[in-house]
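Enquirer: Residue numbers (the UniProt record's numbering), protein chains in the order written: chain W, 1 to 106; chain H, 1 to 106. Just so you know, even glycine gets a beta-carbon here, dropped at the ideal spot from N, CA and C. The structure displayed is predicted, hence computed values, not measured ones. Take a look at the following structure, please.
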DNA sequence: AAACTATATCGTAATATTGCAATATAAAAA
DNA sequence: TTTTTATATTGCAATATTACGATATAGTTT
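Set out below in structure tokens:
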């Protein structure tokens, strides 16, 4: 079919999967890394930074924004994108809280 | 096109994206959660636990194994799957090490 | 106003993912 | 050895993702 059966899983499982999917592309990882590096908010610089066409990057930015990982503010005719620290911390928390067991079998 | 331009990004960016992609499905999140919960290694139980057909689960398990997140051991006619703690810790480390800035703009 | 700059959206082609029935494989039990 | 149990593989249909040219939108500059 090709459609994920979202309704068969818990809200939490779907949320984790959605967040992971937003990060699941090297261009989006590169955008996140860049925004973390410059610390302040940048916009068109991302287009110049990445080796992809402007519409493609716009699409990736949209996905990151939909997932809540980044925020965008209009500033004149430009747009200022930056990391959403709240969501970012939440993602970190998701992984940090889990303890992997000392497996005795595999 | 539909093909990710892997060669345009760094090895590290691709690695993060690949790991995220492995987690980017609620069924695979559910499998990981289950393996963490039971602590010991289980196999056919996963098929009974999840509301998906056996071939579908087998496919998801394969992807998790390819990503190195889980390991599988043959045990008679059954297979014992469990979390690969090394890889799991690495994923945690990826996120934990990054500090989100105190954004002043967005 | 006209030209320019920055960004988003549309449309579309190429490719990837999801899901499962059918089937294959292989060990265990009868 | 036949049957059962556990798992993987194949093939295929439905849907999603990726990428980008063309174009739209909107603010800025001249």
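Can you give me the Cβ contacts of residue 18 of chain H inside the same chain, cut-off strictly under 8 Å, excluding the 5 residues immediately before and after it?
Expert: 67.
Enquirer: Within its chain, find whatever has a CB closer than 6 Å to the CB of residue 79 of chain H; leave out the 5 residues flanking it on each side and keep chain order.
Expert: 43 and 72.
Enquirer: In chain order, which continuous runs of the alpha helix (DSSP H) of length 4 or greater are located wholly inside the UniProt domain "HTH arsR-type" (8-103) of chain W?
Expert: Correct list: 11-23, 26-38, 44-49, 54-66 and 85-96.
Enquirer: Is residue 61 of chain W close to chain H, meaning its C-beta is less than 8 Å from at least one C-beta of that chain?
Expert: No, no contact with chain H.
Enquirer: List the residues of chain W whose Cβ lies closer than 9 Å to the Cβ of residue 65 of chain H, in chain order.
Expert: Under the 9 Å cutoff, chain W gives no residues; its nearest Cβ is about 11 Å from residue 65 of chain H.
Enquirer: Any contact of the stretch 8-25 of chain H with the stretch 7-27 of chain W, i.e. 3+ C-beta pairs under 8 Å?
Expert: Touching, yes.
Enquirer: Under 8 Å by Cβ, that's how I've got residue 95 of chain H and residue 32 of chain W pegged, so tell me the actual separation to the nearest angstrom.
Expert: 11 Å between Cβ atoms; not a contact.
Enquirer: Do you know how far the Cα of residue 23 of chain H is from the Cα of residue 47 of chain H?
Expert: Approximately 18 Å, taken between the alpha carbons.
Enquirer: Tell me, to the nearest whole angstrom, how far the beta carbon of residue 36 of chain H is from that of residue 51 of chain W; I am working on the premise that it is less than 8 Å.
Expert: In fact, because the Cβ distance is near 38 Å, the residues do not count as touching under 8 Å.
Enquirer: Nearest by alpha-carbon distance to residue 74 of chain W: which of W:63, W:2, W:84 and W:41 is it?
Expert: The residue with the shortest Cα to Cα distance from residue 74 of chain W is W:41.
Enquirer: Do residue 49 of chain H and residue 100 of chain W have their C-beta atoms within less than 8 Å of each other?
Expert: Their beta carbons are not under 8 Å apart, which means residue 49 of chain H does not touch residue 100 of chain W by this criterion.
Enquirer: List the whole-angstrom C-beta distance separating residue 70 of chain W from residue 64 of chain W, where the pair is believed to meet the contact cut-off of C-beta under 8 Å.
Expert: Right, the Cβ-Cβ distance comes to about 5 Å (below 8 Å), so this counts as a contact.
Enquirer: Step through the CB atoms of chain H and report whether any lies within less than 8 Å of the CB of residue 51 of chain W.
Expert: Yes, contact with chain H.
Enquirer: Answer with yes or no whether the minimum CB distance from residue 78 of chain W to chain H is below 8 Å.
Expert: Chain H, which has no Cβ nearer than 8 Å to the Cβ of residue 78 of chain W, makes this no.
Enquirer: Tell me the rounded alpha-carbon separation between residue 88 of chain H and residue 77 of chain W.
Expert: Each residue's alpha carbon lies about 43 Å from the other.
Enquirer: Would residue 13 of chain H be called buried (16 or more neighbouring beta carbons within 10 Å of its own) or exposed?
Expert: Residue 13 of chain H comes out buried.
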